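Quick notes on the structure that follows.
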Amino acid sequence: MILHVKEARYVRDYVLWLRFSDGAEGEVDLRDELQGEVFEPLKNPCAFRQFAIDPDMQTVVWKSGADFAPEFLYEHLMVVA
């Protein structure tokens, strides 16, 4: 199954709430995933909050060029009751 991020919202700190094309939804904490040159700008909380869903890639992207594969985000999904 090919996964796509359909909806994304900022929650707090480095946590996003995501809804996927298969209906799964929950939070993903990306604090420990912001490693490497492309992710360095996202350690600034203001920059982290400025994300969008790319209509072609169908995942979360930032102006710095950073993005995470939908499959990676799905694997890190924490379902919130």
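When you line the sequence shown up against the working numbering, it's residues 15 to 95, in that order.
Ideal Cβ positions, reconstructed from N, Cα and C, are used throughout, including at glycine.
Bear in mind that the values here come from a model prediction, so they are computed numbers and not experimental data.
Between tyrosine 28 and leucine 48, the C-beta gap is smaller than 8 Å, which places the two residues in contact. Counting only runs of at least 3 residues, the region 24 to 50 fully encloses the following beta strand (DSSP E) elements, listed from N- to C-terminal order: 29 to 34, 39 to 43. A Cβ-Cβ separation of about 6 Å places leucine 56 in contact with tryptophan 76 under the 8 Å criterion. The C-beta distance from valine 42 to glycine 79 rounds to 19 Å, too long to fall under 8 Å, and the pair is not in contact.
The residue among Gly40, Ile16, Arg33, Arg26 with its C-alpha nearest the C-alpha of asparagine 58 is Arg26.
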